[in-house]
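In what follows, a single structure is set out as structure tokens and then discussed.
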Amino acid sequence: RDAKQAEVLLSQQEHYLAKDETPTSLEQAECFIKEHETFLTTMEANDEKVNAVIQFAQRLCEDCNFAADKIHKKAENMAERRNVNHEKATHRMDKLKDQLQLQHFLQDCKELSEWTQEKYITAQDDTYRSAKTIHSKWTRHQAFEAEVMANKDRLRKLQQSGEELVTEKRSWAAIIYPQLSELEQQFEALENATKDKGERLFDANRQVLYMQTCDDIDGWITELENQVLPAETGQDLTSVNLILQKQQAVETQMALKAKQVDELKSQAEYLESMTPEKTDEIEYKKAYVEDRFNKLLGPLDERKSRLMKKKEAFQFCRDVEDEKLWIHEKMPLATSSDFGNSLYSVQMLKKKNQSLQTEIDNHEHRIVYVCENGNKLIREGHEDGAKFKQLIAELQCLWLELKSAVQYRRLKLDESEKAQQYLFDATEAESWMSEQELYMMSDERGKDEISAQNLMKKHASFENEIDLFYETVMQLGDIAKQLVAAKHPSSDEIILRQAQLDKLYNSLKDLALERRTKLEEALQLFNLNREVDDLMQWIGEKEVVAASQELGQDYDHVTMLRSRFKEFAKETESIGRERVSSVNFHADKLITAHHADSATIAEWKDMLNEAWADLLELVETRTQMLSASWKLHRFFYDCADVLGRIIEKQNAMPYELGRDAVSVSSLQRKHIGFEHDLQTLGSAVQQIQDDAIKFNSIYAGERANEISNKVSEVVNAWQKLLHMCETRREKLADTGDLFRFLNMVRDLMQWMEETVRMMNTSEKPRDVSGVELLMNNHQSLKAEIDTREDNISVCINLGKELLARNHYASNEIKEKLLSLTNQRTLMMDRWDERWEHLQLILEVYQFARDAAVAEAWLIAQEPYLLSQELGHTLDEVDQLIKKHEAFEKSAAAQEERFAALKILTTLELKDQGHKSGDQQAFYELDDHMRHSGYYEPYERDQALKTEAERKQEQERQAAETSKEIERPSSTDVDTSITEVSSLSEREKSQKAEVLMRPTKPHKDFEGVLIRKHNLESTNKRANNRSWEKVYILVKDNKLYTYKDQKHCKQEPENYHHGESPVDLRGSTTEVATDYTKRRHVFRLRLMGGGEDLFQAKDEEEMIKWISQLQQISSEGIPGGPGYSQTLPLRREERKDEQKRRSLFAMKKK
């Protein structure tokens, strides 16, 4: 029921707090806050009910009620809901307070806006045109301007409060900033309107206004001279203050009038410029007003100084009277004769006196200030100086009297406090010692050792307290001596109380010593009794063990019994002897000390010594019996142990002969260690045989037969183990030789395969120096082959030796020898083929180099031969003839070079026997030189030369055209030659442009593939050759590798494993038919010798990738044949390209 009521209250609170109402006005915000404060009050009252229910639930849980879990959960839920409601209520209160601040701000903004609008309407009043009341209007307008400027502070305060609110709550910026902006605009409009109206009023009747202003200032000065200056200066402080207030009002008016007088100067200058004929009148009026105004300043200042002096005198007298009254009020407290009759009352009086002292110290600066004011008046020569001196002296005298009284009372209270503190402490000490005496008079000694020990500990704590209390008694004695030496009024009482305390303390010490002696005797007797009982029980337990007849069933059992009994005997003798000696010593000590129970102690001592002698005799007998049994069982145990170790070695001997040379070598080392371990086992067998001889002389019958059987079994097993070791050692030696031969064969086969691969995948040269470098490298391979020949011979001899020994793996050895011989023959054949191929390429590159030089010379001479210039004068013709003769000499010098080019190369000599095969060789060589980039510089230079010739031809045609116009009699032959020449040049230019035109860029190609990086270069395998899933992007003739598509799009520079993009120009792509472990795999080979395998998801995707990569590779190769082509054209190209110049197109005979 109570829980339901509490839940109803919590639900009502939650319902109220669930409302989220925002006030829209100041009154509504205040109403909401009052309502919420009422709710908080009700909530605090309801919390008591909820807490009572929760506490009742906790008591039920502590009493283990049958529904404790349910009650605990219910109480936790109620407590949590109550805490949540408190947090929500606090949050809502804070929110309402913030809304109240906002509404206050908005209300202030509204009031200022209404005031601004009202004043703006007043400023728009257009009544300045009437000149009758122009001066009064001007005066009222000045007051209006002052009122506007005074209210500008309200706007600044509102702006500041708005900024503070926005700083606290950024969400209010949208409400506050528009309000402030609107107020600023309204106030700015009001200031502008006020300024405009003032200018219009001033400009309307400037001269009339000037005269009226002068008359007004003159009248005001006259009124001030008649009313204010002759007035009285006051007879007391109140009247003087009132007159000073009027004086301040007059000074304020003077400041305003001074501004008006200053403005008269500017107005006068303006009027003089407007009406020069009235300059004298205006100047006279201005000078008159300024003169009267300046004469008024002196009397006003003099009157103010007189008033200030009177105020200071009256104020000093008033302050002196006030201070005297304050001193008279405090004097009764300082001179009181009540010093207290108890410690508490004295302490309370000291606190009051300290408060009075603090108040006097804080008031002292006021007394000093009043005296300084009086001395200042005296120094200034005031007419009442003697009176002021008397007042200062009286005040200082009263002040010193008050301070002396307070100091004297403090000393008296200190003395009274010391005495009352001593009497209080003495009473407390007497009470404590009386309580301790009651305990010391008790005769209780305890019923047993534990109770006696407890009593002893308790008594020791009491004695410790008594010893510590001695310092308290001594301190009280010192205080008493000090009070008596100071002749305190209560000295007799203090001396008597101190004597009683000393006597009571000494009596307490005697009682404590007497009771301690009794407790120590009882504790000694109980201790001895306990030690004797414990020792007799311990001796009885040890006798049970020493009297046992168990001698053990086997060696382990006997060993365990013997070791345990040795430890038992050693422990028993050492501990028992020490304990018996200790008990005898304590007993003798108590008997010597004439203990009250000495007879009982002597009886306990004799009984203990007799039991100890019997125990030692039993221990010695059992030790001898266990020693004899242990020796026999030790022999049987050694026989079984050695036999078990022999059988274990037989079983541990492995039958594995190893899988490679390393494992065989490891097994041989292990076998050597195994045989070395058997040496200790042989020593153990020999020791068993010696022990058997000794025991045969001691034992007979069944024991002797058992000993002989054990020895013969061990010796037979040992001989068998030695034979097994010899057999395994021989097998391991044969296996080691086999694996050494196989390793040599494998290393040589790998080296020969790698050498053949290097010769097959060597890079393609680009010029003569590249071919020579490849030939040098090829010769170095030959040197390496010759060096390895000794290793091959050693391997073959080892195989033959194994076959001669009839090795168990003879068939495998024969196969390896055959494979090694065949591979060596293949490698030598491939080297010879490669060397012949390089020689052919060298001749071709040398011919290409010479042909290029010759062709360059021919091309350089073509412009001269094609020129149609024949000369117009005799001198020109002579010069052309000389130039032609020089050309003929140069051509004759080039004959030897062209003759050398006609000599057939080795490749062309072979062509005479089989032309079809030679054409194929030409094509292969042309592809090789084209892929190596040999043609690129020639084609680029030829394109540039063609363009230059085309421009020269155009210029030449233009010049000839102009000449034809001048010489219309030119022959038709010249015209036809020019046309033919121009046509050929245009054709050349068009062909060069076609060759130099860039290929169309290919669209990007991308997708997911599974890659295996096989080779880094021709002679180096990749470090990581595992298959990985990657994302491939083909762009701008390059292949980019990414982890996935996300990295490709978001981080295009973050390549997979930091790999650089791969250049696809000159690469080859084909289906990996030789790789059978996976399906849909194709191979990508790069120009640098690198190789990658890629796996697609199906055959269609694999074909797309191969087609795309092949297309990009072909686009990366330089364009069609140019002027630098050095090999024959293919059949399909020869018909269209017969007229093109190339080195191999020239007929060589």
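If you read the sequence shown in this note's numbering, its first letter stands for residue 18, the second for the next number, and so on.
All residues carry an ideal CB built from backbone N, CA and C; glycine is no exception.
Residue j beta carbon less than 7 Å from that of residue i
| i | j | result |
| --- | --- | --- |
| alanine 678 | phenylalanine 758 | no |
| leucine 125 | leucine 43 | It is worth fixing the name first, because residue 125 is aspartate in this sequence and not leucine. In this structure, leucine 43 does not lie closer than 7 Å to aspartate 125 by Cβ. |
| threonine 778 | methionine 844 | no |
| isoleucine 705 | aspartate 658 | no |
| isoleucine 663 | tryptophan 768 | no |
| methionine 450 | arginine 532 | no |
| arginine 547 | glutamate 488 | no |
| asparagine 1071 | isoleucine 1129 | no |
| valine 363 | glutamate 434 | yes |
| alanine 92 | alanine 74 | yes |
| alanine 436 | serine 507 | yes |
| valine 70 | alanine 20 | yes |
| lysine 186 | alanine 140 | no |
| phenylalanine 543 | alanine 469 | yes |
Nearest-angstrom beta carbon gap, residue j and residue i [assumed within contact, 8 Å]
| i | j | result |
| --- | --- | --- |
| histidine 1030 | aspartate 1109 | 6 Å |
| glutamate 1117 | arginine 1100 | Contact doesn't hold; Cβ gap of about 18 Å is too wide. |
| leucine 34 | arginine 109 | 6 Å |
| alanine 539 | glycine 463 | 6 Å |
| leucine 749 | histidine 688 | 6 Å |
| lysine 347 | leucine 366 | Not really, about 15 Å apart at Cβ, beyond 8 Å. |
| alanine 497 | glutamine 517 | Contact flag wrong, Cβ pair sits at about 11 Å. |
| glutamine 911 | tryptophan 852 | Glutamine 911 to tryptophan 852, Cβ: 34 Å. No contact. |
| glutamine 863 | valine 785 | 6 Å |
| leucine 660 | glutamate 560 | Contact doesn't hold; Cβ gap of about 42 Å is too wide. |
Which residues DSSP lists as bridging residue i, in chain order
| i | result |
| --- | --- |
| threonine 1086 | Leu1101 |
| serine 13 | No statement about residue 13 is possible, as the shown extent of the chain runs from 18 to 1166 and does not include it. |
| tyrosine 1059 | Tyr1048 |
| glycine 463 | Answer is none; glycine 463 lacks a bridge partner. |
| valine 1079 | Leu1056 |
| lysine 1029 | Trp1044 and Leu1110 |
| phenylalanine 1022 | Val1051 |
Residue i, buried or exposed, once every other Cβ within 10 Å from all chains shown has been counted against 16
| i | result |
| --- | --- |
| histidine 476 | buried |
| threonine 211 | buried |
| phenylalanine 83 | exposed |
| tyrosine 1048 | buried |
| glutamine 840 | buried |
| glutamine 30 | buried |
| leucine 412 | buried |
| isoleucine 898 | exposed |
| isoleucine 556 | buried |
| phenylalanine 1111 | buried |
| threonine 490 | The question names threonine, but residue 490 in the sequence shown is valine. Valine 490 is buried by the Cβ-count criterion. |
Whole-angstrom distance between residue j and residue i, CA atom to CA atom
| i | j | result |
| --- | --- | --- |
| glycine 593 | threonine 640 | 18 Å |
| glycine 934 | histidine 795 | With a pLDDT of 46 at glycine 934, under the threshold of 50, the modelled position of that residue is not reliable, and no figure is offered here. |
| isoleucine 710 | alanine 619 | 59 Å |
| leucine 820 | threonine 838 | 16 Å |
| alanine 645 | glutamate 567 | 13 Å |
| glutamate 723 | histidine 650 | 12 Å |
| alanine 330 | glutamate 340 | 16 Å |
| leucine 182 | glutamate 54 | 23 Å |
| glycine 7 | aspartate 1091 | The question about residue 7 has no answer here: the residues shown for the chain are numbered 18 through 1166. |
| alanine 604 | alanine 721 | 58 Å |
| lysine 781 | leucine 887 | 51 Å |
| glutamine 541 | lysine 606 | 11 Å |
| asparagine 370 | asparagine 379 | 14 Å |
| glycine 1107 | aspartate 694 | 55 Å |
| valine 1098 | glutamate 850 | 32 Å |
| glycine 402 | tryptophan 416 | 21 Å |
Residue i Cβ short of 6 Å to the ligand COA heavy atom set
| i | result |
| --- | --- |
| leucine 632 | Ligands in the displayed structure: none, and consequently the ligand COA is not present. |
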